[in-house]
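To start, the structure under review is shown below, and the notes come after it.
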Amino acid sequence: MVFSQQARRSLRSPSPASSWALKVLNKYYAKEGKAHSAADGAGSGIIGLLEVCEADFSKNLALVISDEDVAVSEYEQVSKDNEISRTNKVQDVKFKVKESKYMDKFVGELTADRSGVQAELDAVPEYLSKIESECIEKAETYATRKARFDSEIAGLKTAFNVLDSKPPSFRREAAMHCGEAVNKQVRANDGDLVESR
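Mapping of the sequence shown onto our numbering: residues 296 to 492, in sequence order.
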């Protein structure tokens, strides 16, 4: 705007002078006196030159005004675009900061959840092995069975030796009691066999 006003002043300043010169010359050559008749051709040339200068000044002034108006409108448009862009970028920054805070919080929650679930998952194999050891029946190995049977045989031999060392009357009573116990056991085993069939 400042350049426009200075340019307008510089282009208009000769214009009033040329207008005044044209008025004076036209008035002078329009007089009825013959003192200037010899300079008639030169006067009309000067008047024509001044008219061309005035037209050029007007044309240049119109061009400068037009260019300045275009520049002003471009500047205002660029200023508006920059302001809109700045506002959008400020809003984008606000949203990105807000989203970043949300994501940080969300990641923290997921990390805590993952830690809890991982602890539960780590406990599962230990619990599974405990349950399996309680629930799955393992076949008795030959060595274990042999040791158990040897232990039973040794116990029976000891019992036999104890009974063998007692008087015969005691042995008969023991045999009767043993016989009843053995008969009960046999009957119980026969009942188990019948039920299992």
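Ideal placement from N, C-alpha and C gives every residue a C-beta, glycine not left out. Here the structure is a predicted model, which means the values were calculated and not measured.
Helix, strand or coil at residue i [DSSP, three-state]
{"i": "Thr436", "result": "coil"}
{"i": "Pro420", "result": "helix"}
{"i": "Ile431", "result": "coil"}
{"i": "Lys461", "result": "coil"}
Cβ-based burial, residue i [other Cβ within 10 Å; buried from 16]
{"i": "Leu345", "result": "buried"}
{"i": "Phe390", "result": "exposed"}
{"i": "Glu394", "result": "exposed"}
{"i": "Phe352", "result": "buried"}
Residues near residue i by beta carbon distance below 7 Å, same chain, minus five either side
{"i": "Asn321", "result": "Ile342"}
Own chain residues within Cβ distance below 8 Å of residue i, not counting five before or after
{"i": "Val427", "result": "Residue 427 is actually Glu in this sequence, not Val. Taken in chain order, the list of residues that qualify is empty."}
{"i": "Asp376", "result": "none"}
{"i": "Lys425", "result": "none"}
{"i": "Thr406", "result": "none"}
Neighbourhood of residue i by C-beta, 6 Å cutoff - its chain only, sequence neighbours within 5 removed
{"i": "Asp362", "result": "none"}
Cβ-heavy atom distance, residue i to the ligand MG, below 8 Å
{"i": "Asp387", "result": "Because no ligand of any kind appears in the structure shown, any question about the ligand MG cannot be addressed here."}
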